[in-house]
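Enquirer: What follows is a structure written as structure tokens; I'll ask about it next.
Number of protein chains: 2
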Amino acid sequence: MRLLADPARAAIVDALAAGPACTCHLVDDLGLTQPNISNHLRALRHAGVVKAEPYGRYTYYHLNADALEAAAAHLTDLAARARASSGNRREC
Amino acid sequence: MRLLADPARAAIVDALAAGPACTCHLVDDLGLTQPNISNHLRALRHAGVVKAEPYGRYTYYHLNADALEAAAAHLTDLAARARASSGNRREC
DNA sequence: CCGGCGCATCACCGGAAACTGATATCACCA
DNA sequence: TGGTGATATCAGTTTCCGGTGATGCGCCGG
Numbered sequence: 001m002r003l004l005a006d007p008a009r010a011a012i013v014d015a016l017a018a019g020p021a022c023t024c025h026l027v028d029d030l031g032l033t034q035p036n037i038s039n040h041l042r043a044l045r046h047a048g049v050v051k052a053e054p055y056g057r058y059t060y061y062h063l064n065a066d067a068l069e070a071a072a073a074h075l076t077d078l079a080a081r082a083r084a085s086s087g088n089r090r091e092c
Numbered sequence: 101m102r103l104l105a106d107p108a109r110a111a112i113v114d115a116l117a118a119g120p121a122c123t124c125h126l127v128d129d130l131g132l133t134q135p136n137i138s139n140h141l142r143a144l145r146h147a148g149v150v151k152a153e154p155y156g157r158y159t160y161y162h163l164n165a166d167a168l169e170a171a172a173a174h175l176t177d178l179a180a181r182a183r184a185s186s187g188n189r190r191e192c
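Quick mapping for you: the protein sequence lines, in order, are chains B and X.
Note that the numbering used here numbers the first sequence so that position 84 is 84, with each residue one more than the last.
With the second sequence counted from 1, adding 100 to any position gets you the numbering used here.
Next comes the structure, spelled out in structure tokens:
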């Protein structure tokens, strides 16, 4: 989930949130070079954030909603723990 | 929110989820040097993820649960959009 | 069967960010 | 009021990571 740190990565995920798209779509939507996008997609794919689906000559990518929701759950858990333990300040 | 990418940053946030702590606590809990932690805290503070609270000679830090929940909401929104638009695959 | 296209991978380079050491500042205590 | 400890800041170095160019592979249309 540390992968969403990069702005290009976030732009790719945001573009994929509008629906599955092949690499060429992302290339001319985001204005980045093709190897660049392909590298980011490899990282996202390896982290389980996106899934690749070969379709003839093209390759379609779509988001893995479960992974995003898991990351969101982790953040909400952190927030809940922060609220619950806001009182016990341990002294030095 | 791209700040949680760094493992040291994540460790600091995780430690602060257990309750407010001063810098010295984080230093010997995480085993990192003091300027290092202080730098990370500055970044987190500047991003609104943590809040600083001077307390005599010490400085206590505590998490900003609202910021974490906002980031979590963003992720759930992304996941929801991904699920909703998983059908419309635009052709090349 | 072959030329073109979409895509992935590799090697390289440049910039940004993290870690380190030294230093300045502030608050407490004797 | 001087000393000590806690913290923040700064400059330097090094490491890591994203961007670029070139290349290879696979699939399609002619």
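No residue lacks a Cβ here, since even glycine has one placed at the ideal position from N, Cα and C.
Please report how far the alpha carbon of B:Ala15 lies from the alpha carbon of B:Asn88, in whole angstroms.
Expert: Along the first sequence, read from residue 1 onward, the residue named residue 15 of chain B stands at position 15. Along the first sequence, read from residue 1 onward, the residue named residue 88 of chain B stands at position 88. Going by the C-alpha atoms only, they are around 43 Å apart.
Enquirer: Do B:Ala71 and B:Met1 have their beta-carbon atoms positioned less than 7 Å apart in this structure?
Expert: Taking the first sequence and counting its residues from 1, one reaches residue 1 of chain B at position 1. Taking the first sequence and counting its residues from 1, one reaches residue 71 of chain B at position 71. Yes, the Cβ-Cβ distance between B:Met1 and B:Ala71 is below 7 Å.
Enquirer: Taking the C-alpha atoms as reference points, what is the distance between X:Tyr155 and X:Ala147?
Expert: Locating residue 155 of chain X in the second sequence gives position 55, where the first residue counts as 1. Locating residue 147 of chain X in the second sequence gives position 47, where the first residue counts as 1. Between X:Tyr155 and X:Ala147, the C-alpha separation is close to 22 Å.
Enquirer: Answer yes or no: do X:Ala167 and X:Val149 have a C-beta to C-beta separation smaller than 7 Å?
Expert: Translated into the one-based positions of the second sequence, residue 167 of chain X becomes position 67. Translated into the one-based positions of the second sequence, residue 149 of chain X becomes position 49. In contact: X:Ala167 and X:Val149 (Cβ atoms closer than 7 Å).
Enquirer: If you run the structure through DSSP and keep just helix, strand and coil, what is X:Glu99?
Expert: In this structure chain X extends from 101 to 192, so residue 99 of chain X is not present and cannot be described.
Enquirer: Does DSSP classify X:Cys124 as helix, strand or coil?
Expert: The sequence position of residue 124 of chain X within the second sequence is 24, counting from 1. If DSSP states are grouped into helix, strand and coil, X:Cys124 belongs with the helices.
Enquirer: If you reduce the DSSP assignment to three classes, tell me which class X:Thr133 lands in.
Expert: Within the second sequence, numbered from 1, the residue matching residue 133 of chain X stands at position 33. Coil.
Enquirer: Leaving out five residues on either side along the sequence, give the residues of the same chain with a beta carbon under 7 Å from the beta carbon of X:Ala132.
Expert: Within the second sequence, numbered from 1, the residue matching residue 132 of chain X stands at position 32. Here residue 132 of chain X is Leu; the residue named in the question, Ala, does not match the sequence. Excluding residues within five positions, the ones whose Cβ falls inside 7 Å are Ala108.
Enquirer: Determine, for B:Tyr58, whether the minimum Cβ-Cβ distance to residues of chain X falls below 7 Å.
Expert: Within the first sequence, numbered from 1, the residue matching residue 58 of chain B stands at position 58. Closer than 7 Å to some Cβ of chain X, the Cβ of B:Tyr58 qualifies, so yes.
Enquirer: Rounded to the nearest angstrom, what separates B:His25 and X:His140 at their Cα positions?
Expert: What you label residue 25 of chain B is simply residue 25 of the first sequence in a count that begins at 1. What you label residue 140 of chain X is simply residue 40 of the second sequence in a count that begins at 1. When rounded, the distance between both Cα atoms is 37 Å.
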